Ligand SMILES: Nc1ncnc2c1ncn2[C@@H]1O[C@H](COP(=O)(O)OP(=O)(O)OP(=O)(O)O)[C@@H](O)[C@H]1O
Ligand SMILES: [Mg+2]
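Protein chains in written order, with the UniProt record's numbering: chain A, 1 to 294; chain B, 1 to 241.
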């Protein structure tokens, strides 16, 4: 079975800036992949090259065994771009119907509208829609071809709770049937909840690639949250096991390799230590530490 | 492509602003010249003038319709609609073909309304075969302007393209003698006019009024402009892909 998406040694340079630097990516069919990374990390560049919309400086891309543009022409891919426009002077259902006509086996228009929660304003002119409503139309357009691969660049921007839920429900249903979804997002909980694989980009390079759990383990250890009257960073840093200390007001967060030892010493050193809570690394801390942010 | 063409046709039917600008406006101008103002003395001369101006105004409206296909392209390009289309199965030539077919269809009302005004209001009488010949000749005559419009549409962005095209539209209309006959122009302008695309598009219709075939010069000049504009259009179009 051909891979849903395959990027080999893809690089993209804009003059002096290197937007992507030797990226390899193989997405098997049925996977749900989240592409994460700070602004400017290269997420959109990666997806655009994967879709054949942008020529790479070097490297190759293939979708389901075809050159990307061919895969698009065959209607194998449904795409939501970060920046793309809609026609303003037509109705939502007219636009979705016209787009459906471009595919060989589209899903029924009503179904795409419902899945994107755009059915409530199907008869409205697109020019009169709100930002979130437009986003729903764009989701309907990505779904209408009933594609084998979905590529979504920040699909939930501007969506309300209902819109987000509906989108992820549809994505899950599709990947459950062996179809593939690749999405870029800044909402880490979406990656945590819906992706079975995360690709973490920083400055055009893949800095981590694997299941969410594995990414968290990469950063490792656990966190001890504690409230103290006088939290001194220096003293906390010296506690056994502690690798990193964050103090916010009276609350401190200690990242530790050995939470048992840290806790014992914490109570011995600080008589006023209270509200103590330990937690595994969350994806956000892993993200921050792996992408070199602060 | 069929479904997209259908959508484009629907849009051109619904485009009331465009329809008014390019059908009602030429018709009103036409009636102003032939029914309200006394441009020529009453008599047989006036009937000739009514027929001549009818062709001028039909060409004027149709030419605008053909040019502004490119205006729509420029707007859609700058709004990012072409980016959206690029991720659908519609090939790039599917978009431009749909635009051109729908745009060319949208040109017909300009021609029909002004000819209708000539026949029904200004009393233009022509042999029955001349009417369909006029429609076809005017329609074909303005096609180079569709190519010119496409050139602008793929060169300039949104509003800038529309402004540039309005300038070109009026410039070529006046130079081509669509507003005032070239006979009223000074000698050097007249020579210039006779090599301009709008004049030659008009001349196809003006000559058929008298029962004459287009001159070889007309055809050569028009073909030249068509080649030039199409060449430019396909160059700009390919660059934008
Ligand atoms: N057309 C362009 N010309 C020059 N540089 C560009 C261009 N497009 C992108 N870049 C640069 O490439 C890098 C990656 O951009 P990209 O849009 O892929 O980031 P991203 O991860 O999608 O960011 P965001 O989270 O903001 O959407 C950035 O440094 C950006 O400045
Ligand atoms: Mg982006």
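We put the beta carbon where it would ideally sit given N, CA and C, even for glycine. These figures come from a predicted structure and were not determined experimentally.
Near residue i, which residues of its chain fall below 7 Å by C-beta distance, leaving aside the five closest residues on each side in sequence?
i: residue 203(A); result: 41
i: residue 158(B); result: 74, 75 and 78
i: residue 196(A); result: 31, 32 and 211
i: residue 40(B); result: 46 and 49
i: residue 233(A); result: 245 and 247
i: residue 1(A); result: 29
i: residue 270(A); result: 228
i: residue 158(A); result: 131, 132 and 135
From the beta carbon of residue i, is the nearest beta carbon of chain B less than 8 Å away?
i: residue 85(A); result: yes
i: residue 75(A); result: yes
i: residue 294(A); result: For residue 294(A), the predicted model reports a pLDDT of 42, less than 50, meaning its position is unreliable; a value from the coordinates is still stated below. No, residue 294(A) does not count as interfacial toward chain B.
i: residue 81(A); result: yes
i: residue 98(A); result: yes
i: residue 137(A); result: no
i: residue 157(A); result: no
Using beta carbons (cut-off 8 Å, strictly below), is residue i in contact with chain A?
i: residue 122(B); result: no
i: residue 144(B); result: no
i: residue 6(B); result: yes
i: residue 88(B); result: yes
i: residue 183(B); result: no
For residue i, verify whether its CB is less than 7 Å away from any heavy atom of ligand 1.
i: residue 32(A); result: no
i: residue 43(A); result: yes
i: residue 14(A); result: yes
i: residue 157(B); result: no
Is residue i near ligand 2, judged by its Cβ being under 7 Å from some heavy atom?
i: residue 135(A); result: no
i: residue 112(A); result: no
i: residue 153(A); result: yes
i: residue 84(B); result: no
i: residue 82(A); result: yes
Look up residue i in the DSSP assignment and say whether it is helix, strand or coil.
i: residue 227(A); result: strand
i: residue 210(A); result: strand
i: residue 116(B); result: helix
i: residue 103(A); result: coil
i: residue 128(A); result: helix
i: residue 174(A); result: helix
i: residue 274(A); result: strand
i: residue 217(A); result: helix
i: residue 46(B); result: helix
i: residue 195(B); result: coil
i: residue 228(B); result: helix
i: residue 253(A); result: strand
i: residue 16(A); result: coil
i: residue 188(B); result: helix
i: residue 179(A); result: coil
i: residue 58(A); result: strand
i: residue 148(A); result: coil
Within the same chain, show all residues whose beta-carbon is closer than 6 Å to that of residue i, passing over the 5 residues directly before and after it, in chain order.
i: residue 9(B); result: 102
i: residue 190(B); result: 182
i: residue 154(B); result: 236, 237 and 240
i: residue 199(B); result: 176, 177 and 193
i: residue 107(B); result: 62, 65 and 66
In chain E, what lies closer than 8 Å to residue i by C-beta?
i: residue 101(A); result: In summary, chain E is missing from the structure at hand, where the protein chains are A and B.
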